[in-house]
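Let me begin by presenting the structure, written as structure tokens, before commenting on it.
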Amino acid sequence: MEGPNKALTGPHLPGPGAPTPHRAFTARPAGKRACPETRLKKLLTLILSMAAKGEELAEKIREISVAEFFEKNRHLLGYENPTRSLLTVVKEAVENSTDAAEEAGILPEIKVEIQQLAEGRFKVMVEDNGPGIPSSKVPVAFAKFLVGSKFHRLRQSRGIQGIGIHGAVLYSQLTTGKPAKVLSSLGGNDPIHEFELMIDVTKNEPIVLSHRTLPNPKGWHGVRVELEVEGRYVDKITQSVPEYLRQTAIVNPFATLHFKGPNGASFTYRRRVEELPRQPKEIKPHPHGVELGLLRRMLSNTSAKTLLGFLTTEFCRVGRTSALEICSLASLNPGQHPQKLSGEEVLRLHKAMQSAKLMGPPTDCLSPLGEQMLLEGLKREFRAEKYVAVTRPPAVYRGNPFQIECGIAYGGELKEPVQILRFANRVPLLYHQGDCAFTQAIREVDWRRYGIPQDDFPKAPMVILLHFVSVWVPFTSEGKQALACYPEIMREAKLALQDAGRELSQYISRKERLREKQLRMGLFERYMPELAESLSKLTGRPKEEIMAQLERRLDEEKG
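Read in my numbering, the sequence shown has 299 at position 318, and its numbers run on one by one without any break.
Right under this line is the structure:
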């Protein structure tokens, strides 16, 4: 008979006398357990150690200025390789000059000169005939980031970020250690003020190394900027200074541009139009385009005493009725003080502003080139057989009004492949073509419907120009070279291309019909003697008489 211990053994159970398998659960000897005082001491030591490390990390944390940020990330501004860096310096200075002259109602005349000082080192000089800058404002205008006359307002202009020319000054300072030289005068009896400037990157403040006044006997007005920079000059690629100026001349036919390069080459693009485009007006933000963070800032900075007053004075297209509707949707008292809204109330207000039915923003803040100026610009540069220009009606994205313009030059002396010219507020976009909404729109249009063969892009001897006009350009980066693919922008770009494509299709169809007609007439003329001889035998009439009739008929067909 089996004993009790035998019955309890098995394949998964230890036999009699086997060691206990769960040794981790055995009781700890009482003599080795730490006393409460020791454990508390260790805990306090750990807490003090963590606090010391936290203080050490806190000492390493410091605020950096925007200038210092761009010093370490200059590629964000377009200074990512020598060729593009030199182009960016010229581009930023030319944009400043053109904007200043236009706003003052002056037909721009801009001189650009590049001198090579050594291998990979250049001196860039850009001079304009604009209104000039008051001497007290010159240092901050050129040597302090996020300072400008355009960033705080909604109005169409080339530069709006308060970064461009300051980045060029910083790039010069970083690569050559040389200060920027700026000359400015308001004209008339105002002398010429000459500054040598650098940027204090830790404080984002200008450093004025020198300031002197020079006589101005001719009453010159404008600004001249001189920068020494590292770079590489090329003139035979699409991303070059000459190409940038050529494209600038296309969409600014009212400007005269002079250029003198380091290789001795020089050229001038003279204005083709003696009239400036209509001056765009400044507008207030539209409720549909205001983000939550901006709304919070507007609420804290407003001088309005009531929410109703805030809505009617700080936004466009919001009257008393619309403001009351927004307050009702947000369940807010119209008489409430805007600066006393709670966080949850601000969220409700923002949601109500987005959902309220409002008129679109006014479009007199836009100043498109217009079809005639587009045609003049294309004819200036391209010898084509057909030119088409389209200006779309204004549209809206995120509460911001915008317009798309399209121009096409076709045939003539143009060669394949298709050339794509992209512009935003009259500024050429030479880089990042593949990332741009315009490039994507060209790909998505079915060009075969308009009689043009297509692979990825249309396959024809043609130039496609697209121009984006808006109070706020949605660039994909600070380098300002490609447009973001907002659905509204994509839609309008494709509609502009399709409008131009239909007009071009009519020309191509007429041309094809004419070609077929000429082919038929050529065959008829070739076999006309044989036809006259056969008809003479059939009718008995002289061959010469029949030949004369056929020739008259052929002349009538030729018109």
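Glycine included, C-beta positions come from ideal geometry on N, C-alpha and C. Fair warning: this is a prediction, and the values are worked out from it, not measured in the lab.
Taking the C-beta atoms as reference points, T183 is found nearer than 8 angstroms to S46. As DSSP reads the structure, I28 sits in no beta bridge. In the same chain as G380, and ignoring 5 residues on each side of it, the C-beta atoms closer than 8 angstroms to its own belong to P266, H267, P268, H269, G270, V271 and P342, in chain order. Membership of S78 in the alpha helix (DSSP H) is indicated by the continuous run P63 to E84.
In its chain, beyond the 5 residues on either side, T64 and S221 have a beta carbon closer than 7 angstroms to the beta carbon of V215. Counting C-beta pairs with one atom in each stretch, the stretch 399 to 410 and the stretch 519 to 529 have fewer than three that are closer than 8 angstroms, which means they do not touch. Annotation for R259: S348 place their beta carbon closer than 7 angstroms to its own, counting only its chain and skipping 5 residues before and after. Here the alpha carbons of R205 and R494 stand approximately 56 angstroms from one another. Taking each of S451, G482 and Q414 in turn and checking the Cα distance to P439, the smallest one comes out for G482.
Comparing alpha-carbon positions, the option among K332, S490, R277 and A337 lying closest to L322 turns out to be R277. Close CB contacts of E186 within its chain, under the 7 angstroms cut and outside five residues either way in sequence, are with K125 (chain order).
DSSP, reduced to helix, strand and coil, places H448 within a strand of the structure shown. For P234, the closest of E73, E537 and L350 by C-alpha to C-alpha distance is L350.
In this structure, L280 lies away from C308, with their beta-carbon atoms at least 8 angstroms apart. If you check the CB distance, K360 and Y391 do not come in under 8 angstroms.
DSSP places E366 in the coil class of the three-state scheme, outside both helix and strand. Apart from the 5 residues on each side of it in sequence, A311 sits with its Cβ closer than 6 angstroms to the Cβ of R329, L330 and A333 in its chain, given in chain order.
Within the model, the alpha-carbon separation for C466 versus G460 is close to 16 angstroms. Looking only at A529, Q499, R507 and Y508, the smallest Cα-Cα distance to E538 is reached by Q499.
Note that the C-beta distance between E211 and T157 is below 8 angstroms. Taking each of I180, L195 and I173 in turn and checking the Cα distance to H202, the smallest one comes out for I173. Rounded to the nearest angstrom, the Cβ distance from A376 to L355 is 18 angstroms, too far for a contact under 8 angstroms. Runs of the beta strand (DSSP E) spanning 3 or more residues and lying entirely within the stretch 204 to 234 do not occur at all. For M106, the enclosing beta strand (DSSP E) begins and ends at R102 to E108.
Taking 8 angstroms as the upper bound for CB-CB distance, S515 and G432 are not in contact here, some 38 angstroms apart. Within the stretch 312 to 354, the runs of alpha helix (DSSP H) at least 4 residues long that lie entirely inside it are, in chain order, 324 to 336.
A residue is called buried when at least 16 other Cβ atoms come within 10 angstroms of its Cβ; K162 meets this threshold and is buried.
Annotation for C308: the continuous alpha helix (DSSP H) segment containing it runs R301 to L310. About 4 angstroms separates the Cβ atoms of D416 and A463, confirming a contact at the 8 angstroms cut-off. Of the residues assessed, Y508 falls on the exposed side of the cut-off, its CB having fewer than 16 other CB atoms within 10 angstroms. Note on geometry: alpha-carbon atoms of V408 and L226 lie some 10 angstroms from one another. A direct Cα-Cα distance of roughly 11 angstroms separates K104 from G242.
Minimum Cα-Cα distance from M179 among the listed residues P120, L164 and L68 corresponds to P120.
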